[in-house]
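The sequence shown begins at 10 in the working numbering and counts up one residue at a time. Glycine included, C-beta positions come from ideal geometry on N, C-alpha and C. To keep things clear, I will list the structure first and then write my remarks on it.
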Amino acid sequence: MKRVLVGPLLRLMFRPWVRGLENIPGDGPAIIASNHLAVIDSFVLPLVLDREIVFIGKAEYFSGTGLKGRITAGFMRGVGTIPVDRSGGKASEAALRTGLNRLNDGGLFGIYPEGTRSPDGRLYRGKTGVARLALESGAPVIPVAMIGTDKAQPIGKRLPKPMRIGIVIGEPLDFSRYSGMENDRFILRSVTDEILYSLMSISGQEYVDIYAATQKARIAAGVKATQAGPATPSAPGGRQAPDVQVPEPPQETPGPSVD
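The following block contains the structure:
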């Protein structure tokens, strides 16, 4: 799919640019922690990586009915997506255990710490599953910022529009200093906030200290998205927001590129 069937079409549609590709290790386990702006995030990111990456995906992708549902489920299975029940509890724990097995086998495992797509392009509070994976596996966490995928495929749009999008890959984060502390909820929150701060620093997104799922529920109830924003610039863990802008694509001739 990546090199013959789907990949060439996606490259033509999105002409992805990428920065920081050298931060992806050539071998060994690593957790790819990405912001989540659109469904196409899980399809575009693997295009720029030489190594195979497996993501978690919501269980609804695998339970659809009719022709469309079967095609979607087949595609997700074909690209190695791991279904996760977002209701939490034992179902979500089982998906994380599958991810841990992937890391123990030396592979790349992709996860969206926000738990769901951003409803408005901002960065939301992270869930601690990514921290638990990092501490239990000992694998480095590599922050990845998707740039512009929400403009290519806004929420509610099934088919994305052709436009250039970007990927910024940050430096690996090492949490070995917290080894053996994966059951400490304060440590898990601290690690998660550090990961989200790194994402904020490379994406240039505004941060909102509530869960994205909570914000989606507020929007569904008629609350405006802007009403959940902070009064002053803030960052995960109560830090001061970094003075960064949304990265811009390199100025060069159209086409897939790495700079």
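C-beta atoms of residue i and residue j nearer than 7 Å
i      : j      : result
Glu191 : Glu145 : yes
Pro152 : Ser207 : yes
Thr158 : Ile49  : yes
Gln224 : Pro149 : no
Leu46  : Leu19  : no
Asn32  : Met155 : no
Gln254 : Arg131 : no
Gly115 : Pro38  : yes
Thr107 : Ala222 : no
Arg186 : Arg24  : no
Ile40  : Ala143 : yes
Met22  : Pro256 : no
Val139 : Ala42  : yes
Cutoff 8 Å; reference residue i; Cβ partners in own chain excluding five residues on either side
i      : result
Arg141 : Leu105, Glu191 and Leu197
Arg194 : Thr137
Ala82  : Tyr70, Phe71, Ser72 and Gly73
Leu54  : Ile41, Ser43, Ile62, Gly119, Val153, Met155 and Ile176
Ser188 : Leu144 and Gly147
Thr201 : Pro122, Gly135, Lys136, Thr137, Val139, Ala140 and Pro245
Where residue i sits in the DSSP three-state scheme
i      : result
Pro92  : strand
Gly165 : coil
Leu182 : strand
Ile211 : helix
Lys160 : helix
Lys170 : coil
Tyr187 : helix
Val255 : coil
Ala154 : strand
Phe220 : Per the sequence presented here, residue 220 reads as Tyr, with Phe not at that position. Three-state result, Tyr220: coil.
Gly246 : helix
Val177 : strand
Gly75  : helix
Val200 : helix
Contacting residues, own chain, Cβ-Cβ under 6 Å from residue i (five flanking each side not counted)
i      : result
Gln249 : none
Ser9   : Only positions 10 to 268 of the chain appear in this structure, which leaves residue 9 out of reach.
Arg134 : Asp218, Ile219 and Tyr220
Leu112 : Pro38, Phe118, Ser146 and Ala148
Ala229 : none
Neighbourhood of residue i by C-beta, 7 Å cutoff - its chain only, sequence neighbours within 5 removed
i      : result
Ala103 : none
Ala244 : Tyr206, Met209, Tyr216, Ala250 and Pro251
Ala161 : Phe23, Ala47, Ile49, Pro169, Lys170, Met172 and Ile174
Minimum Cβ-Cβ distance from residue i to chain D less than 7 Å
i      : result
Lys160 : The structure shown contains no chain D, having only a single protein chain.
Can at least three beta-carbon pairs, one atom from the stretch 105–123 and one from the stretch 175–191, be found at a separation below 8 Å?
As far as the Cβ criterion goes, the stretch 105–123 does not touch the stretch 175–191, which means the pair count is below three.
If contact is defined by three or more beta carbon pairs under 8 Å, each pair taking one atom from either stretch, is the stretch 62–72 in contact with the stretch 108–119?
Yes, the stretch 108–119 touches the stretch 62–72.
Every unbroken alpha helix (DSSP H) within the stretch 97–139, with a cutoff of 4 residues, ordered by chain:
Within the stretch 97–139, the complete alpha helix (DSSP H) runs of at least 4 residues are 98–113.
Every unbroken alpha helix (DSSP H) within the stretch 26–60, with a cutoff of 4 residues, ordered by chain
DSSP runs (the alpha helix (DSSP H)) wholly in the stretch 26–60: 50–53.
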